[in-house]
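Visitor:
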Amino acid sequence: MKIILKTLLFILTVIFIIHCKKEPYLSEDVIIPDINISDNNFLNALIEQGVDANEDSIISSLEAKVLTSLFVHNRDISSMEGIEAFVNLDTLWCQNNRLTCLDVSNITSLKYLECDGNQLINLDVSNNTSLIVFCCNENQLSSLDIFNNTTLKILDCGGNQLTSLDVSINYALELLSCYNNHLSNLDVSSNTNLKILDCNYTHLTSLDVSKNSVLEHLSCGGTQLSNLDVSNNIALKELMCFRNQLTYLNISKNTALIECSCNETQLTSLDVSNNTSLKYLYCNINHLTSLDVSKNSVLERLGCSSNQLTILNVSNNTSLRFLSCISNQLTTLDISNNHALGSLSCGSNQLTTLDISNNKLLYWLYLVQMPSLNKVCVWEMPFPPASVLLNTTGSPNIFFTTSCN
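So the sequence shown is numbered by the working numbering: it starts at 475 and just counts up by one.
So this is what it looks like as structure tokens:
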């Protein structure tokens, strides 16, 4: 009996060992499904990125699951069929292709999605609740639902066909860019962390940024605003409110302001005396009769063309590199203190003389349409030197001289 039991035990042991030896072989026969990738440009981009681990020119679901970041931008891809198998991606860049659809509903771990510069008509990100950065600008989207994307910090949906945009639940937003859409309303009162807002070229008739106290950059140009209150935005560094219907703009509280562009806004006055950090000021094509920049000692660029200025004092603006004051009513212009000046456009004024002898860094000089202008005092003759581009069209009486007494 003992012999039989020993024999049976031996046989079972042998069978067990044989089974164990066969198991790895069987595991190699487990079928790992391949992903259907119909676009060769997409497939080639995946292969070049090293996704095809076994180099068989086929992407398997196992190879797809390993990947956490995928960069297939600028590859002329028209279809990303198969992207749904890359379920562990946290970063996907597929911008500047020819995509008309993009299914990311399976990729719930996605944090960074950039699909701008395509031809997307619809895009569902409701399952992508971990999104932090979402750029879908320059597509053809007519609607965008980001209600579930409460972790979003950066949203760029500019250059689409959106008629509405609800960001009321996106409290973490720090950057919102929705330029060039058909928006007639935009409520950012809940977005108290917002630092950058770009809503240029929309159909907005009003904009309330009173709750956005940490806002640093505001672009709302090319809209239909008749009023803009930025008195609560004391952190504001850049204000772009050009091409609006503003007749008044108070920036006295915005002492951190570095750049202000209020071209074509129908302004009749502009006080920049408190904006001592201002480096770039553009207030062209308004109805200004005066402009005091004496307190703006760090000003580097000043554009005040097409106004009604009779006096412009830039003697304190010793950092000025660019000055455009075309089409005003100036009879004199003193730039003797502006040694850093490189570009001067002062055509279509009533100047009779001009002294640029101290402005040896000039490379652009625009003196058009000034028949009253005669003597222009320069630093060397003949003038202009090869380093200076000069336009005197419509100013036939100009003569250059180094005799500046």
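The beta carbon of each residue, even a glycine, is placed where N, CA and C say it ideally should be.
Which of the three DSSP states is assigned to L815 in this structure?
Guide: Looking at L815 - three-state DSSP - the assignment turns out to be coil, as it is neither helix nor strand.
Visitor: To the nearest angstrom, how far is it from the Cα of S638 to the Cα of S801?
Guide: Straight-line Cα distance between these residues: approximately 40 Å.
Visitor: Does the region 699-718 come within contact of the region 653-663, defined as at least 3 CB pairs closer than 8 Å?
Guide: Touching, no, given that fewer than three Cβ pairs across the two stretches are closer than 8 Å.
Visitor: Could you tell me the alpha carbon to alpha carbon distance between L828 and Y653, rounded to whole angstroms?
Guide: Taking the straight line joining both Cα atoms gives about 42 Å.
Visitor: Secondary structure at I539, three-state DSSP: helix, strand or coil?
Guide: The residue you asked about is not Ile; residue 539 is Lys in the sequence shown. Reduced to three states, the DSSP call for K539 is helix.
Visitor: For the beta strand (DSSP E) containing F857, list its first residue and its last residue.
Guide: Neither: F857 is in no beta strand (DSSP E) and is coded neither H nor E.
Visitor: Among the residues of its own chain, which have a CB less than 6 Å from the CB of W567, if the five just before and after it don't count?
Guide: Same-chain partners within the cutoff: F545, H547, E588.
Visitor: In the DSSP assignment, the alpha helix (DSSP H) including N865 goes from what residue to what residue?
Guide: It is not in any alpha helix (DSSP H) - N865 instead sits in the beta strand (DSSP E) that spans 863-865.
Visitor: Can you tell me whether S798 is buried or exposed, with buried defined as 16 or more other CB within 10 angstroms of its CB?
Guide: With 16 or more other Cβ atoms within 10 Å, it is buried.
Visitor: Taking the C-alpha atoms as reference points, what is the distance between L465 and S642?
Guide: Any property of residue 465 remains undetermined from this structure, which presents the chain solely from 475 to 879.
Visitor: Could you give the DSSP three-state label for F608: helix, strand or coil?
Guide: Note: F608 maps to strand in three-state DSSP.
Visitor: Exposed or buried, which one is N770 when buried takes at least 16 other CB atoms within 10 Å?
Guide: With 16 or more Cβ atoms within 10 Å of its Cβ, N770 is classed as buried.
Visitor: Determine the extent of the alpha helix (DSSP H) in which E522 is found, giving its start and end residues.
Guide: E522 -> alpha helix (DSSP H) spans 514-522.
Visitor: The ligand PLP and I759: does the residue's C-beta get closer than 7 Å to at least one heavy atom of that ligand?
Guide: You won't find the ligand PLP in this model; it holds no ligand whatsoever.
Visitor: Relative to the alpha-carbon of C575, which residue among N592, K685, I581 has its alpha-carbon at the smallest distance?
Guide: Per the Cα distances, N592.
Visitor: Spatial neighbours of N706 within its chain, please: CB distance less than 7 Å, with the 5 preceding and 5 following residues excluded, ordered by chain position.
Guide: Cβ neighbours of N706 beyond the five flanking positions: S684, S687.
Visitor: Are the CB atoms of N674 and C694 nearer to each other than 8 Å?
Guide: Yes, Cβ-Cβ distance for N674 and C694 is below 8 Å.
Visitor: Under a Cβ-count criterion, where at least 16 other Cβ atoms within 10 Å of its own Cβ denotes burial, should S735 be classed as buried or exposed?
Guide: Under this definition S735 is a buried residue.
Visitor: Where does E588 sit, in a helix, a strand or coil, going by DSSP?
Guide: Three-state DSSP puts E588 in a strand.
Visitor: In the DSSP output, what is L839 paired with across the bridge?
Guide: Beta-bridge pairing links L839 to L818, L864.
Visitor: Whole beta strand (DSSP E) runs in the region 733-760 with 3 or more residues, listed along the chain?
Guide: Segments of the beta strand (DSSP E) lying fully in the region 733-760: 733-735, 754-756.
Visitor: Could you give the residue range of the beta strand (DSSP E) that holds D550?
Guide: Looking at the DSSP string, D550 is not in any beta strand (DSSP E), and its letter there is neither H nor E.
Visitor: Opposite D630 in the DSSP bridges: which residues?
Guide: Per DSSP, C609, S651.
Visitor: Would you decide whether I532 is buried or exposed? Buried here means 16 or more other CB atoms lie within 10 Å of its CB.
Guide: Per the 10 Å Cβ criterion, exposed.
Visitor: Assign I670 to one of three DSSP states: helix, strand, or coil.
Guide: I670 falls in the strand class under three-state DSSP.
Visitor: List the DSSP bridge partners of T875.
Guide: In DSSP, T875 forms a bridge with C851.
Visitor: Do L864 and L835 count as a contact pair if the criterion is CB distance below 8 Å?
Guide: Their beta carbons are not under 8 Å apart, which means L835 does not touch L864 by this criterion.
Visitor: Which residues in the same chain have their Cβ closer than 6 Å to the Cβ of N655, if we skip the five residues on either side of it in sequence?
Guide: So the qualifying residues of the chain are N634, L636, T676.
Visitor: Report the three-state DSSP secondary structure of E712 (helix, strand or coil).
Guide: Three-state DSSP puts E712 in a strand.
Visitor: Please name the residue or residues paired with F545 in a DSSP beta bridge.
Guide: According to DSSP, F545 bridges with W567.
Visitor: Provide the residue span of the beta strand (DSSP E) that contains F621, from first to last.
Guide: Segment: none, F621 is in no beta strand (DSSP E) and carries neither H nor E.
Visitor: With respect to the beta strand (DSSP E) encompassing T827, which residues constitute its N-terminal and C-terminal limits?
Guide: 827-829 is the span of the beta strand (DSSP E), which, as asked, contains T827.
Visitor: Does the Cβ of D630 have 16 or more other Cβ atoms within 10 Å, making it buried, or fewer, making it exposed?
Guide: It is buried - the Cβ of D630 has at least 16 other Cβ atoms within 10 Å.
Visitor: Should E738 be labelled buried (16 or more other beta-carbon atoms within 10 Å of its own) or exposed?
Guide: With 16 or more other Cβ atoms within 10 Å, it is buried.
Visitor: Strictly by DSSP, which residues pair up with S798?
Guide: G777, S819.
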